[in-house]
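J.: Our numbering numbers the first residue of the sequence shown as 1298 and each following residue consecutively.
Where is the CB? At the ideal position from N, CA and C, for every residue including glycine.
Take this structure, written in structure tokens, and hold onto it; I'll ask about it next.
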Amino acid sequence: MSVLSKEYNACIYARLSRDDGDKLESDSIINQKALIRDFISKHPEIHVVSEKTDDGYSGVNFDRPAFQEMMEDIRSGKINCVVVKDLSRFGRNYIEAGNYIERVFPFMGVRFIAINDSYDSLDRNQSDSLIIPFKNLINDAYCKDISVKIRSQLEIKRKKGQFIGAFAVYGYLKDPEDHNKLIPDTYASEVVRAIYKWKLEGMSQGRIAEKLNLQGVLCPMEYKLSMGIKVQTNFKVRKQALWSPRSVTRILTNEIYTGALIQGKTSTPNYKVKKIVAKDEAEWIRVEDAHEAIIDRRTFDDVQRILQKDIRSAPDEEVVYPFSGYLKCGDCGQNMVRKTYTAGDKRYTYYICSTRKAGKGCSTHQITGDELQDAVLQGIRSRVDSVIEMEELLKIIESLPETQRNVFNYDAQIVKLKEDIERNRSFKMKLYENLQEGMIGQEEYFLFKKSYEAKIQSAEAAIRAVEQERQQAIEHNRESYAWIDVFKKYQNITSIERKTIVELIEEVIVHEDKKISIRFRYGDQYTKLAELLGNYSDMAAE
Ligand SMILES: [Zn+2]
């Protein structure tokens, strides 16, 4: 197993900015790309899968669209190699650049090549030589302006000593400009994202911790220390703390990563009592979007649901199987249990009712792993198909003029209310005639008049409310159909992973005859939309 035999899917990255004083001739995007292509042509193990160009973006920060797209491709596993002409094309902020090259890329298994600096991360002997190209970067004559920035970056780094015990949660740093604000830590936030991704893919917290330790990723505490006393690398006597299932769980359950800041979870009753008591959830102070999110809300919620399911299924198991916690017996409603047996050199999986297994009644409800996979796959496919069909219908409806849109039900309601008003108005008029004709007295007249007026008023208010609702329905339709996209992602599904189950399914009920029924997520929304669309097809038929 030679390292060189590995294949690399590479992204060619080019950047140009007049503000940086780039030498336009030699640094032109075309020249950069030509140089890189020439280099790659001599490396058969590298395949170009994408080219990213930031034209007109300074190298001082990494907030460049093409660069960020490239990072997305790295996260999704599309590429595992980045090739640039030289380091200055990658970035001119050497602390940030170093962060990517020394920490982020190695962690994500990305090979990084800066051709003119003769740097290739694959070449292990070179890891120290990285200093040299970085120096070149600083010494660049036209970089005066940038060196000022670097100095202030160094100051920031010095200040990072304060993070020890300052409780900036792993994944974030305190904003050097505003100590009450958190900003994502480039390196640690990638680790956080990876932890969530692995969890969604079905790994247990124990396995995640193991993987991180194997990859040499420092646990939050060690990482904090490394930021503070980075210079004193000689003091390596102390035994390093490692990632544990608990520290992984802490990260998986911390809502702070969604951008929400929740404070005031605990308090001390008074100054004499040093005891810390947990406060009622209602008393917590929460601020949404207090800082940049590292994990989007949906991913966070999905992970919380998985953690719940894990607790209900097999907390001690090494791997969390795709269906763990999702299978229910169709008769007794209890969990199904996973069993395996080996025949020849193959291992087979099947599931049976846990009540039956415990000898407490029920029947086996036995189904093999393969049968279950096939059935669930089929179920998902047909649901996805029908969701896509619904969306197409929806698009047609949305292209209709407003008057023909989903205002039908509302219209009927409004017509009825208007009739109510008319009726009460005519009653009211009749009432006056009745009074004049002497059929009713003054007292009765005022009493009835008042009641008719009240009815008219409440009907008018109801019309306003319905109209408002109708307007909102039109405006929010699109937004409330975000769940459709969740299903659409699985249009070409061929196999079932834990992530798929978690995203799409509430539970799978296994019946005695190997039939299954699937309770999908967003069931209410699905039914509502089906009803709405049903109304339309009714209307069309009329
Ligand atoms: Zn059962």
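1. With hydrogens ignored, establish whether the beta-carbon of His1662 is closer than 7 angstroms to any heavy atom of ligand 2.
2. Using a strict less-than 5 angstroms threshold between each residue's beta carbon and the heavy atoms of ligand 1, what residues do you get?
3. Sorted by chain position, which residues of the same chain lie with C-beta nearer than 7 angstroms to Ala1672's C-beta, five sequence neighbours on each side aside?
4. In terms of residues, what are the limits of the beta strand (DSSP E) holding Met1633?
5. Cα-Cα, which of Arg1315, Val1401 and Ala1311 is closest to Ala1363?
6. With 16 as the cutoff for other CB atoms within 10 Å, does Gln1601 come out buried or exposed?
7. Just curious, the alpha helix (DSSP H) that Ala1590 is in, first and last residue?
8. Select from His1344, Ser1486 and Cys1378 the residue whose C-alpha is nearest the C-alpha of Asn1396.
9. Are Ala1465 and Leu1479 closer than 8 angstroms when you measure CB to CB?
10. Which residues share a DSSP beta bridge with Thr1665?
11. Hey, how far is the Cα of Arg1361 from the Cα of Asp1351?
12. Thinking just about the alpha-carbon of each residue, which of Asn1358, Lys1606 and Leu1604 is nearest to the one in Asn1390?
13. Leaving aside the five residues before and after Ser1325 along the sequence, list all residues of the same chain whose C-beta is less than 8 angstroms from its C-beta, in chain order.
14. Out of curiosity, what's the CA-to-CA distance linking Arg1315 and Ile1371?
15. Can the beta-carbon of Asp1628 be found closer than 8 angstroms to that of Ser1660?
16. At the level of alpha carbons, what is the spacing between Glu1828 and Met1736?
17. Mark Gln1529 as exposed unless 16 or more other C-beta atoms lie within 10 angstroms of its C-beta, in which case mark it buried.
18. With H, G and I counted as helix, E and B as strand and the rest as coil, what does DSSP make of Arg1408?
19. First and last residue of the alpha helix (DSSP H) that includes Asn1328?
20. Near Phe1292, what residues of its chain come up, given a Cβ to Cβ distance below 6 angstroms and the 5 sequence neighbours on each side ignored?
21. Between the C-alpha atoms of Phe1336 and Gly1353, what's the straight-line distance to the nearest angstrom?
22. Candidates Glu1794, Glu1804 and Asp1821: which alpha carbon is nearest Gly1499's?
23. Grab me the residues of Gly1388's own chain with a C-beta within less than 7 angstroms of its C-beta, minus the 5 sequence neighbours each way, in chain order.
T.: So, to answer that:
1. Of the ligands this structure carries, namely ligand 1, none is ligand 2.
2. Taken from the N-terminal end onward, the list reads Cys1626, Asp1628, Cys1629, Cys1650, Thr1652 and Cys1659.
3. On the sequence shown, position 375 is the one that residue 1672 refers to. Excluding residues within five positions, the ones whose Cβ falls inside 7 angstroms are Ile1813.
4. For the purposes of this step, residue 1633 is taken as the residue at position 336 of the sequence shown. Taken as a continuous stretch (DSSP letters only), the beta strand (DSSP E) holding Met1633 covers Met1633 to Ala1640.
5. Here residue 1363 refers to the residue found at position 66 of the sequence shown. Of the candidates Arg1315, Val1401 and Ala1311, the one whose C-alpha sits nearest the C-alpha of Ala1363 is Ala1311.
6. On the sequence shown, residue 1601 is found 304 positions in, with the first residue counted as 1. Looking at its Cβ environment, which holds fewer than 16 other Cβ atoms inside 10 Å, Gln1601 is exposed.
7. In the sequence shown, counting from the first residue as 1, residue 1590 sits at position 293. Careful: Ala1590 lies outside any alpha helix (DSSP H) and carries neither H nor E.
8. In the sequence shown, counting from the first residue as 1, residue 1396 sits at position 99. Selected option, being the one with the closest Cα: Ser1486.
9. One-based indexing of the sequence shown puts residue 1465 at position 168. One-based indexing of the sequence shown puts residue 1479 at position 182. Result yes, Cβ atoms of Ala1465 and Leu1479 sit closer than 8 angstroms.
10. Residue mapping note: residue 1665 aligns to position 368 of the sequence shown, counting from 1. Note: Thr1665 sits in a beta bridge opposite Tyr1647.
11. The count along the sequence shown starts at 1 and reaches residue 1361 at position 64. The count along the sequence shown starts at 1 and reaches residue 1351 at position 54. If I take the Cα positions, the gap works out to 7 angstroms.
12. Counting from 1 along the sequence shown, the entry for residue 1390 is found at position 93. Of Asn1358, Lys1606 and Leu1604, the residue nearest in Cα terms is Asn1358.
13. Here residue 1325 is taken as the residue at index 28 of the sequence shown, counted from 1. For Ser1325, where only same-chain residues beyond five positions count, the Cβ hits under 8 angstroms are Leu1313.
14. Translated into positions along the sequence shown, residue 1315 becomes position 18. Translated into positions along the sequence shown, residue 1371 becomes position 74. Going by the C-alpha atoms only, they are around 28 angstroms apart.
15. Within the sequence shown, the letter at position 331 stands for residue 1628. Within the sequence shown, the letter at position 363 stands for residue 1660. Closer than 8 angstroms, so yes.
16. As a working mapping, residue 1828 is identified with position 531 in the sequence shown. As a working mapping, residue 1736 is identified with position 439 in the sequence shown. Cα-Cα distance, rounded: 51 angstroms.
17. Mapped onto the sequence shown, residue 1529 falls at position 232. Note that Gln1529 has pLDDT 36, beneath the 50 cutoff, so the model's placement of it is unreliable and the number below is only indicative. Burial call: exposed.
18. What you label residue 1408 is simply residue 111 of the sequence shown in a count that begins at 1. Arg1408 falls in the strand class under three-state DSSP.
19. Along the sequence shown, read from residue 1 onward, the residue named residue 1328 stands at position 31. First-last of the alpha helix (DSSP H) with Asn1328: Ile1326 to Ser1338.
20. Outside the shown range of the chain (1298 to 1839) lies residue 1292, about which nothing can therefore be said.
21. If you number the sequence shown from 1, residue 1336 lands on position 39. If you number the sequence shown from 1, residue 1353 lands on position 56. One C-alpha to the other measures close to 25 angstroms.
22. Translated into the one-based positions of the sequence shown, residue 1499 becomes position 202. Ranking the options by Cα distance to Gly1499, first place goes to Glu1794.
23. Here residue 1388 corresponds to residue number 91 of the sequence shown, with the count starting at 1. Excluding residues within five positions, the ones whose Cβ falls inside 7 angstroms are Gly1356, Phe1359 and Ala1394.
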